[in-house]
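Beneath this line is the structure, given in structure tokens, with notes to follow.
In the numbering used here, the protein residues as written are 868 to 1124.
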């Protein structure tokens, strides 16, 4: 049992919580909470850390014998937890790499493309919604928020295990590849001439969503095939990025359903 916050494993956990560079070097990320633990693919778990009190209450129910497990005193667990009310279980999980070529070869794919998204909660919500709307992959510009940020992970509610998320060096190059593969790109834009629900998304489709404050970069918007807008009433100028993404994703899903 780990009883001190100066333990090397505790220090490493804190680094993994706070530093994307360390997560990427180790090729892992952290998930916390009973639900995230219950859904994690067993083969991707490197180690499980559990509080002493939860271990004593639920060690049989959690079937911990499947994993390498370290018990922490409750105070040490609270020290490494990223939440205000820790549930008492935390996992080190292997990152998963995806084959872009395999995704591009899907029949009539449904993609999300995020340009410089910065809010971890927005990204997590989009990834979760993407799974529900039948999206095949989420692509992000390299400057976007880290998908393995603990807040993002929590917001995905488990979808992080199943939804391919891929960072790309150059979105303009990606959009050109889409065009060559017959995948039409639709930029959510305030100056879009067409309402989003007037388009036909039953073929290869990529939806583009921009930064929360500035929208899509001009060069990315200009590289899209079509600009679409979400009609609104009142004095609202724009929608939250995750809300806008959800509306568009589910319109694609509605048409295909």
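Cβ atoms here follow ideal geometry from the backbone N, Cα and C, with glycine treated the same way.
Asked                                                                                                                              : Found
Residue 944, DSSP secondary structure in three states                                                                              : helix
contact_flag[the stretch 951-960, the stretch 1048-1058] where n(CB pairs < 8 Å) is 3 or more                                      : no
Residue 1118 classed as buried or exposed, judged by whether at least 16 other C-beta atoms fall within 10 angstroms               : buried
Residue 1099 - containing alpha helix (DSSP H), residue span                                                                       : Premise fails: residue 1099 is in no alpha helix (DSSP H) and is neither H nor E.
Inter-stretch contact (C-beta, 8 Å, three-pair minimum) for the stretch 978-991 and the stretch 924-935                            : no
DSSP beta-bridge partners of residue 1068                                                                                          : None; residue 1068 has no bridge partner.
Neighbour-count burial assignment, residue 1013, 16 or more Cβ in a 10 Å radius                                                    : buried
Pair within 8 Å by beta-carbon distance, residue 897 and residue 959                                                               : yes
Chain-order list of residues whose beta-carbon lies under 6 Å from that of residue 1035 (same chain, five-residue window excluded) : 1006 and 1041
Classification of residue 933 by the beta-carbon crowding that lies within 10 angstroms, buried from 16 upward                     : exposed
Closest residue to residue 887 among 983, 948, 968 and 1016 (Cα-Cα distance)                                                       : 1016
Span of the alpha helix (DSSP H), counted from its first residue to its last, around residue 1051                                  : From DSSP, residue 1051 is part of no alpha helix (DSSP H) but of the beta strand (DSSP E) over 1051-1055.
Best match in 1019, 884 and 916 for proximity to residue 985 [C-alpha to C-alpha]                                                  : 1019
Beta-carbon proximity check, residue 911 vs residue 963, cutoff 8 Å                                                                : yes
Residue 968 beta carbon near the ligand MG (any heavy atom closer than 7 Å)                                                        : This structure lacks the ligand MG, and indeed carries no ligand of any kind.
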